[in-house]
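K.L.:
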Amino acid sequence: MSEVSAPTETPHAKREVKAHTLTCKTDQTNKQVAISLRNFVVFFIGGAGDQESYYFSGPNNNVDAVREIFIRDAKALNFPVGKFESWPLGYNDFITDKDLSEKVLAKIPDCSTAVYIVGHSLGGWNGAHLSATLTEKGYTVRMLLTIDPVGEGVMVWGISNIYRLPPKPKAQYWVNIRAAPKITNVSDTVASFGEQWEISTGPNVMGRVNVNHADANIMYLRPLDNGKTARQIFNESVLSFFKE
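Under this note's numbering, think of the first position of the sequence shown as 199, with each following residue one higher.
1) Tell me which residues share the same chain as Asn424 and place their Cβ nearer than 7 angstroms to its Cβ, disregarding the 5 neighbours each side in the sequence.
2) Among all the DSSP beta bridges, which residues are the ones paired with Pro286?
3) Where does the unbroken beta strand (DSSP E) through Val339 begin, and where does it stop?
4) Taking only the alpha-carbon atoms, compute the straight-line gap between Pro286 and Gly244 and give it to the nearest angstrom.
5) Cβ of Arg406 within 8 angstroms of Cβ of Ala378?
6) State buried or exposed for Gly322, treating a residue as buried only when at least 16 other CB atoms are found within 10 Å of its CB.
7) For Val279, count neighbouring C-beta atoms within 10 Å of its own C-beta (all shown protein chains included) and say buried if the count is 16 or more, exposed if not.
8) Taking 8 angstroms as the cut-off, decide whether the C-beta atoms of Ala389 and Val348 are in contact.
9) Three-state secondary structure (DSSP) at Ile431?
10) Tell me which residues share the same chain as Lys366 and place their Cβ nearer than 6 angstroms to its Cβ, disregarding the 5 neighbours each side in the sequence.
11) Would you please state the rounded distance, in angstroms, between the beta carbons of Tyr314 and Val240? I believe it to be under 8 angstroms.
12) Using the C-alpha atoms, what's the distance from Asp291 back to Met341?
13) So, using beta-carbon positions, are Ala326 and Thr344 closer together than 8 angstroms?
14) One question on the structure: do Asp297 and Ser319 come within less than 8 angstroms of each other, judged by their Cβ atoms?
15) Hey, could you find the ends of the beta strand (DSSP E) Ile375 is sitting in?
16) Are Asn433 and Pro401 close, meaning C-beta to C-beta below 8 angstroms?
17) Would you mind sorting Asp386 into buried or exposed? The rule is 16 or more other CB atoms within 10 Å of its CB.
18) Let me check understanding here. Comparing Cα to Cα, which of Gly317, Lys426, Leu332, Lys301 lies closest to Cys309?
19) Given a cut-off of 8 angstroms on the beta-carbon distance, is the pair Tyr371 and Ile267 in contact?
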């Protein structure tokens with residue numbers, strides 16, 4: 199596939215200094231706060247066999263390809279160095295309180311830091327749950343992007359470390375992409391086994407794309423129902439954030 203150039207959004211203007219809440223409502227610890235804070239963090243959450251082997255399959259690092267696009271765009275659009283971080287996660291990396299604290303909460307400097315969540319497959323399902331967990335703890339989930347989320351099947355719940363009940367996402371903006379390929383492959387069969395999360399209401403933007411389940415990066419680049427790609431929506435959100 200040919201390389202798709204970065205969006206042509208105008209780089210951010212200098213952000214004014216504002217007062218922010220630094221300690222989240224569930225955090226009773228004293229924190230040392232640096233003068234220069236990162237403004238946002240992005241968690242890229244992979245599905246089964248993405249960040250680690252899953253029943254002899256993988257790791258395939260599908261969500262890492264989306265993260266690579268983000269990193270290139272951040273450079274092209276002049277996102278300020280030191281004002282953001284991005285982290286890859288497995289879908290099961292934050293189920294326990296201990297893992298949540300070490301692998302997610304420890305990566306968020308304070309409650310003034312905006313959180314972006316990008317989840318693919320089982321990572322979309324658990325990532326949607328994560329958006330609610332973080333919001334309830336006092337963090338601001340600025341955007342949730344679920345890329346062909348999977349997890350409704352009883353069988354996949356039985357063999358995977360995912361939440362059993364359907365997510366009730368809490369985010370300021372939610373984008374959902376559903377893979378609907380005309381020609382299927384093995385990854386689509388696996389997604390069907392896990393049962394794709396059929397979403398009819400909730401997201402601000404949705405779209406069905408003619409892309410195979412495994413190709414999260416391609417879905418990220420395809421136009422959705424509003425005519426924009428998830429990539430465009432994501433970058434516009436970040437640039438808008440720096441102007442606020």
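No residue lacks a Cβ here, since even glycine has one placed at the ideal position from N, Cα and C. Only a predicted model underlies this, so the values are computations on that prediction, with no experimental measurement involved.
P.N.:
Quick look at the numbers:
1) Within the sequence shown, numbered from 1, the residue matching residue 424 stands at position 226. Residues Val403 of the same chain have their beta carbon placed closer than 7 angstroms to that of Asn424, with the five preceding and five following residues left out of the count.
2) As a position in the sequence shown, residue 286 is number 88, starting the count at 1. Phe242, per the DSSP bridge assignment.
3) Translated into positions along the sequence shown, residue 339 becomes position 141. That run of the beta strand (DSSP E) goes 338 to 345.
4) One-based indexing of the sequence shown puts residue 286 at position 88. One-based indexing of the sequence shown puts residue 244 at position 46. Looking at the two C-alpha atoms, the distance is approximately 7 angstroms.
5) Against the sequence shown, residue 406 aligns to sequence position 208. Against the sequence shown, residue 378 aligns to sequence position 180. For Arg406 and Ala378, yes; Cβs fall inside 8 angstroms.
6) In the sequence shown, counting from the first residue as 1, residue 322 sits at position 124. Label assigned to Gly322: buried.
7) By one-based count along the sequence shown, residue 279 stands at place 81. Classification for Val279: exposed.
8) Residue mapping note: residue 389 aligns to position 191 of the sequence shown, counting from 1. Residue mapping note: residue 348 aligns to position 150 of the sequence shown, counting from 1. Yes, they are a contact pair.
9) Here residue 431 is taken as the residue at index 233 of the sequence shown, counted from 1. Helix at Ile431.
10) Locating residue 366 in the sequence shown gives position 168, counting from the first residue. Excluding positions up to five away in sequence, the list reads Ala330.
11) Your numbering for residue 314 matches position 116 in the sequence shown. Your numbering for residue 240 matches position 42 in the sequence shown. So it is a contact: roughly 4 angstroms between Cβ atoms.
12) On the sequence shown, residue 341 is found 143 positions in, with the first residue counted as 1. On the sequence shown, residue 291 is found 93 positions in, with the first residue counted as 1. Taking the CA atoms as reference points, Met341 sits about 20 angstroms from Asp291.
13) The sequence position of residue 326 within the sequence shown is 128, counting from 1. The sequence position of residue 344 within the sequence shown is 146, counting from 1. Contact flag set, yes.
14) Along the sequence shown, one-based indexing puts residue 297 at 99. Along the sequence shown, one-based indexing puts residue 319 at 121. Contact: no.
15) By 1-based counting over the sequence shown, the position of residue 375 is 177. DSSP places Ile375 inside the beta strand (DSSP E), whose first and last residues are 372 to 377.
16) What you label residue 433 is simply residue 235 of the sequence shown in a count that begins at 1. What you label residue 401 is simply residue 203 of the sequence shown in a count that begins at 1. In this structure, Asn433 lies away from Pro401, with their beta-carbon atoms at least 8 angstroms apart.
17) Taking the sequence shown and counting its residues from 1, one reaches residue 386 at position 188. Its Cβ being crowded by 16 or more others within 10 Å, Asp386 is buried.
18) Position 111 of the sequence shown, counting from 1, holds the residue named residue 309. Comparing Cα positions, the closest option is Leu332.
19) As a working note, residue 371 is residue 173 in the sequence shown. As a working note, residue 267 is residue 69 in the sequence shown. Contact flag unset, no.
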